[in-house]
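Residue numbers (this note's numbering): 1 to 172.
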Amino acid sequence: TTFPAYRSRFLSQDVVLSSPFPAVADRVVTDVVVTATGLNSIYSVTIPANVLRSTGRLSVDLFGTYLTDSLAELKFTIQLGGTNIFTLAKTPLSSATAALLIHTDLIAEAVTTSFAYGSYRVTGDTEVLAHGTSTQDLTTNLVFEIFAGWNAADPSRSYTMKYAEALLYFPT
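This is how it looks when you write it as structure tokens:
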């Protein structure tokens, strides 16, 4: 998914965009199911060159459900430009079906540095937090991607992403 083209026409005019309200950059309502181990892409969005600049922010929320036995670990890995920023993991997940919310923020600190943090919350359980930094050239197109995977293959385990939304806060 890429941001709508009408956003980049403003940037090409060298106009400073400032708004306390975010723009909806992307929304996905198609189920994505993960039953495998490893890195399985569940969501990605392309950030066009120069959109984040040095003070912009991309905020992404994913809502889904999981079904598992006990002692399962479900990991979410966050990448920017193909580089891992951080991984969110929780062991063990309770044995059941439950709702799961993932929230990440990617904040530009400079033209080549970004800081990201995220949280992973399962209904009725404690929140898992993580953070990391990435040195990327924010003046080029970059893919922000979220992957999911289980610690072991098991037919009784599945994660289904139901909804994803990316919001872009323009630099001031």
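For every residue, glycine included, the Cβ atom is placed at its ideal position computed from N, Cα and C.
Since we're looking at a predicted model, the values are computed, not measured.
Option nearest I78 by Cα separation, candidates A72, F86, V32: If we check each option's Cα against that of I78, F86 comes out closest.
Bridge-paired residues (DSSP) for Q79: N84, E145
The stretch 135-142 in contact with the stretch 23-43 per 3-pair CB rule at 8 Å: no
DSSP state of D31 mapped onto helix, strand, coil: In the structure shown, D31 sits in coil (DSSP, three-state: anything other than H, G, I, E or B).
Alpha-carbon to alpha-carbon, S158 and T71: Inspection of the sequence shows that residue 71 is occupied by Leu rather than by Thr. Approximately 14 Å between the Cα atoms of the pair.
C-beta contact flag for A98 and Y66 at 8 Å: yes
Pick from V111, D125, E127, A152 that is closest to S134, judged by C-alpha positions: V111
Collapsed DSSP secondary structure at T112 in the structure displayed: In this structure, DSSP gives T112 a state outside helix and strand, which the three-state scheme calls coil.
Rounded C-alpha distance that separates A164 from W150: Distance from the CA atom of A164 to the CA atom of W150, rounded to whole angstroms, is 20 Å.
Per-residue burial, L74 [other beta carbons within 10 Å of its own, 16 or more giving buried]: buried
With 16 other Cβ atoms within 10 Å as the buried cut-off, status of A116: Buried, because 16 or more other Cβ atoms sit within 10 Å of the Cβ of A116.
Beta-carbon contacts of L100 that lie in its chain and below 6 Å, excluding the five residues immediately before and after: G64, Y66, V122
Collapsed DSSP secondary structure at N40 in the structure displayed: strand
Beta-bridge pairing of A98 - partner residues as DSSP gives them: DSSP output for A98 lists Y66 as bridge partner(s).
Which of helix, strand or coil DSSP assigns to A49: Of the three classes helix, strand and coil, the one that applies to A49 here is coil, per DSSP.
Which of helix, strand or coil DSSP assigns to A153: Coil, per DSSP.
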